[in-house]
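Asks: The structure that follows is given in the form of structure tokens.
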Amino acid sequence: MEINLLNGISNIEFGISKYEFSKKIDSDSKFEIIEEDGDFKTEAIYIDNLESSLFFEGSESEMKFAACDTQNHNSILFGKQIFKLNKDELINLMKDNNYSNLEEEVEEWGEKRLGYFDARIDFYFDNNKLKSVSWGVE
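With this note's numbering applied, the sequence shown covers 278 to 415.
Shown next, in the form of structure tokens:
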């Protein structure tokens, strides 16, 4: 599975409508409402074969693919299997691809987050092992 920064996941592009996505993906998974604020909603769907949660945002008639979270250990970013990399190797991979605006913090639940705002991607580590990756668009 390929992580396409600012663009999507494998062959699914950010911005695709929930309707178009449903036609494209063969999945028995159901959408789950994560958050509702008036007409604006965030819904998620877990895709088994991608080992990833995909998030859609917008009004009911205008839901668009906006973000992804994965624990898929076969995830590829810039040609590398990122779950096989340690923190320093991941930082160097991002730097080698012109992303160096790094923010590091420990989340309240204990995982260490490496965030790259310009790439809209966050890497979460527990005990120095990459546990999950989240990325999206503005």
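By construction, the Cβ of each residue, glycine as well, lies at the ideal position given by its N, Cα and C atoms.
From ASP403 to PHE291, what distance separates their C-alpha atoms?
Replies: In a straight line, the C-alpha of ASP403 is about 28 Å away from that of PHE291.
Asks: Using CA atoms only, rank isn't needed, just tell me which of LEU362, VAL410, ALA343 and ASN363 is closest to PHE298.
Replies: Among LEU362, VAL410, ALA343 and ASN363, the Cα nearest to that of PHE298 belongs to ALA343.
Asks: Is it true that the region 367-380 meets the region 312-327, where meeting means three or more beta-carbon pairs spaced less than 8 Å apart?
Replies: Verdict: no, contact absent.
Asks: Go ahead and pull the three-state DSSP assignment for ILE368.
Replies: Three-state result, ILE368: helix.
Asks: Please decide whether ASP395 counts as near chain D, where near means a Cβ-Cβ distance under 9 Å.
Replies: No chain D appears in this structure, which consists of one protein chain only.
Asks: With DSSP as the reference, please indicate the residues paired to TYR393 in a beta bridge.
Replies: According to DSSP, which records beta bridges pairwise, TYR393 is partnered with LEU379 and ILE398.
Asks: Rounded to whole angstroms, what's the CA-CA distance from GLU381 to ASP303? Just pull it up for me.
Replies: Taking the straight line from one Cα to the other gives about 37 Å.
Asks: Could you spell out where the beta strand (DSSP E) holding LYS408 opens and where it closes?
Replies: Where LYS408 is concerned, the enclosing beta strand (DSSP E) stretches over 406-413.
Asks: Among the candidates PHE317, PHE355, LYS318 and MET340, whose CA atom is the shortest distance from the CA of ILE286?
Replies: Closest option to ILE286, Cα to Cα, is PHE355.
Asks: Give me the Cα-Cα distance between SER409 and PHE332, rounded to the nearest whole angstrom.
Replies: Each residue's Cα considered, the two are about 15 Å apart.
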